[in-house]
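A.B. asks: Residue numbers (the working numbering): 40 to 229. Positions of the beta carbon are idealized from the N, C-alpha and C atoms, including for glycine. I have a structure here, written as structure tokens, and I will follow up with some questions on it.
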Amino acid sequence: MKLLKEKIMSEGLVLNDAILKVDSFLNHQIDPELMMEIGKEFHRRFSGCGITKIFTIESSGIACALPAGLCMHVPVVFARKQKSALMSSEAYSTKVYSFTKKVTSDVTVLKKFLPAGEKILIIDDFLANGEAALGLANIVQQAGSEVVGIGIVIEKSFQPGRQRLIDAGFRVESLARVQAFKDGKVIFAE
Ligand code: G4P
């Protein structure tokens, strides 16, 4: 997606050989117009798939998933990263380990918002090792629904996430694929 790549090139900050900081438009301050274009692009890529619901994870996933839900006219459900006392038996949950942040989260969603028989599009902001997406897919499968695809805003193609998702049988659509960070610059995969 050209607009997204241009934004990454102009505002993205390569922190080290593995981390791209995009807090001026995605992870802290949010560019609503860019998010709207991201939503349209997910809609275009998954049109005709019969998606009935979008599933994402707090916090940055929400900003990317909401405009897609608006374009597709489907609800957006986000998983929480901490168990709430209210959730207990009424919720699906799975553990997700973040290699980037070195923390394990209990990813949780209320069962009533994820009934069986839905056709789900999973959306997230970054794909690194694939732990978050695999965790969300695990929850969808616990619920008896189908993962139609996984939509990612920024994929770091040099990390194993994409291959892990494909090996697990999922369709992955990433709007920007980063092949490497070289001399402080972002090299795109395509
Ligand atoms: P994985 O799900 O693909 O395995 O990714 P990983 O655990 O390694 O990453 C966990 C968190 O780190 C996620 O944020 C993810 O978006 C973020 N992350 C991974 N790589 C990068 C990167 O290069 N740049 C930035 N800016 N973030 C990265 P999170 O904990 O879910 O945070 P948030 O959504 O609450 O902001």
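Which residues bound the alpha helix (DSSP H) around LYS41?
C.D. replies: The residue you call residue 41 lines up with position 2 of the sequence shown. LYS41 -> alpha helix (DSSP H) spans 41-50.
A.B. asks: With DSSP collapsed to three states, give me the class of LYS158.
C.D. replies: The residue labelled residue 158 in the question sits at position 119 within the sequence shown. LYS158: strand per DSSP, three-state reduction.
A.B. asks: Among the candidates LEU160, HIS82, GLU194, whose CA atom is the shortest distance from the CA of PHE117?
C.D. replies: Residue 117 sits at position 78 when you count from the first residue of the sequence shown. Of the listed residues, the one whose Cα sits closest to PHE117 is LEU160.
A.B. asks: Could you pull the DSSP bridge partners for GLY190 from this structure?
C.D. replies: The residue you call residue 190 lines up with position 151 of the sequence shown. Note: GLY190 sits in a beta bridge opposite ILE162, GLU212.
A.B. asks: If we define contact as Cβ-Cβ less than 9 Å, is GLU97 a contact residue for chain E?
C.D. replies: Considering every chain present, this structure includes no chain E. It has just one protein chain.
A.B. asks: How many angstroms separate the CA atom of GLY87 from the CA atom of ILE162?
C.D. replies: Locating residue 87 in the sequence shown gives position 48, where the first residue counts as 1. Locating residue 162 in the sequence shown gives position 123, where the first residue counts as 1. The C-alpha of GLY87 lies about 17 Å from the C-alpha of ILE162.
A.B. asks: For LYS221, which of helix, strand or coil comes out of DSSP?
C.D. replies: Here residue 221 is taken as the residue at index 182 of the sequence shown, counted from 1. Three-state result, LYS221: strand.
A.B. asks: Taking C-beta to C-beta, are ILE193 and LEU166 nearer than 9 Å?
C.D. replies: As a position in the sequence shown, residue 193 is number 154, starting the count at 1. As a position in the sequence shown, residue 166 is number 127, starting the count at 1. Result yes, Cβ atoms of ILE193 and LEU166 sit closer than 9 Å.
A.B. asks: Can you grab the Cα-Cα spacing for the pair VAL211 / GLY190, in whole Å?
C.D. replies: In the sequence shown, counting from the first residue as 1, residue 211 sits at position 172. In the sequence shown, counting from the first residue as 1, residue 190 sits at position 151. If you take the alpha carbons of VAL211 and GLY190, they lie about 6 Å apart.
A.B. asks: Using the C-alpha atoms, what's the distance from LYS46 back to PHE220?
C.D. replies: Position 181 of the sequence shown holds residue 220. Position 7 of the sequence shown holds residue 46. Each residue's alpha carbon lies about 16 Å from the other.
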